[in-house]
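Asks:
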Amino acid sequence: PGARITSRAGRLVLDGARVAVTDASGGAGGGVTVEASESVVLRDEGRIETHAVNEVGGHIRIRTPSLVAIAPTAIFPTGLVTTAVGEGDGGNIQLLADSIRLLRGAQVRSSTTGDGHGGQIVLRSDEFIAGGRSLIGVAGGVFSETTGDATWGDGGDIRVDAHRGLVRDGAVVGTVSLSNGLGGNIAVAGGSFDIRDGGLVQANTRGSGPGGAVRIDLRGGLSMWVSPRPPGDNTPPPPTGIRTDSGPYT
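Sequential numbering of the sequence shown, starting at 314, is according to the numbering used here.
Next up, the structure:
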C-alpha cells in the first residue's frame, strides 16, 4: 500500500507549507487524514496533496469545525489537491466541517491524466463559501477534471451539501473532461444556495464524451444574481449561474 499520513491536532496551519504523499509504486495510493478539533488554515500555497503514478490516487479526508483556505498572491495551488497520472483513478476528497471557506483563488481539486477516472469530491458543512480569484486571476472553488487527448477516463463527481452555500466573485464549482470519457456530475444539496457576481456552477466537456449533469436539491431555494453596476460603468456583467455543455440540469 502507498504511504499514509494521519494528523490529529487542535489547529493545523500551513502558510506556504505542504503536507504531501507521492506514490509511484504501482499499488494502491496512499492518503492524508486530518482531524483538527479547532481549525485548518491554508494560506498562500499551503496545501494538503496526494500524487500517484499508474495507481489509484491517494485520498484526502478532513474533519474539523472550520477550514479556511486563502490564496491572494499564490502562483501554485492553495488548498486540497489530489492528482493521478497514468492508469490509476484520481484520489477522492472528503471534507466535513461546520464552516468551509475557499477564498481568493483557494481550491479543492481532484485531477487525473490518463485512462483513470477522476476522483470524487464530497463537501459537507453548515456554511460553504467559495469566493474570488487570486491576484493573477486564478479562480477559487471546487474542481474535478480529467485530461488527456486519447484517454477514456471519466470525470469525477462533486457533491456540496451545505445548510448555507455561496459561490461568488469569479469562484467556480465545476467538473471538466478533456478526454473521451464522460464529464463529471455536480450535486448541490442542503438548505439555501446563492450564486452571485461571476460565481459559476458548471459541468463542462472539451473532449468527445458527453458532459456531466448538474442536480440541485435544496430545501431553502436557489438564488442567482448580479449586483448593479455603478453609474457610468458600461462593462458587461460577468457570467453568473449554472452551465452545462451537454448534460441535463435539474
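Using N, Cα and C, we set each Cβ at its ideal position, and we do this for glycine too.
Assign A526 to one of two classes, buried (16 or more other C-beta atoms within 10 Å of its C-beta) or exposed (fewer than that).
Replies: Looking at its Cβ environment, which holds 16 or more other Cβ atoms inside 10 Å, A526 is buried.
Asks: Which residue from S447, I449, A349 and M537 puts its Cα closest to that of L408?
Replies: Cα-wise, what sits closest to L408 is A349.
Asks: Given a threshold of 16 other Cβ atoms within 10 Å of its Cβ, counted over all protein chains shown, does T396 qualify as buried or as exposed?
Replies: Buried.
Asks: For the beta strand (DSSP E) containing F441, list its first residue and its last residue.
Replies: Element bounds for F441: I434 to G444.
Asks: Where does G533 land, buried or exposed, given buried means 16+ other C-beta within 10 angstroms?
Replies: Counting Cβ neighbours within 10 Å, G533 comes out exposed, since fewer than 16 surround it.
Asks: Hey, how far is the Cα of E351 from the Cα of R324?
Replies: So the alpha carbons of these two residues sit roughly 5 Å apart.
Asks: What's the gap between the Cα of R293 and the Cα of A330?
Replies: Missing from the structure shown is residue 293; the chain here goes from 314 to 563 and no further.
Asks: Less than 8 Å between CB atoms is the rule here; does V369 satisfy it with respect to chain B?
Replies: Structure shown: chain B not included; a single protein chain is present.
Asks: When you compare only the Cα positions, how much space is there between G468 and G453?
Replies: Looking at the two C-alpha atoms, the distance is approximately 19 Å.
Asks: Secondary structure at W465, three-state DSSP: helix, strand or coil?
Replies: Coil, per DSSP.
Asks: Give the straight-line distance between the Cα atoms of P549 and L513, rounded to the nearest whole angstrom.
Replies: Approximately 16 Å between the Cα atoms of the pair.
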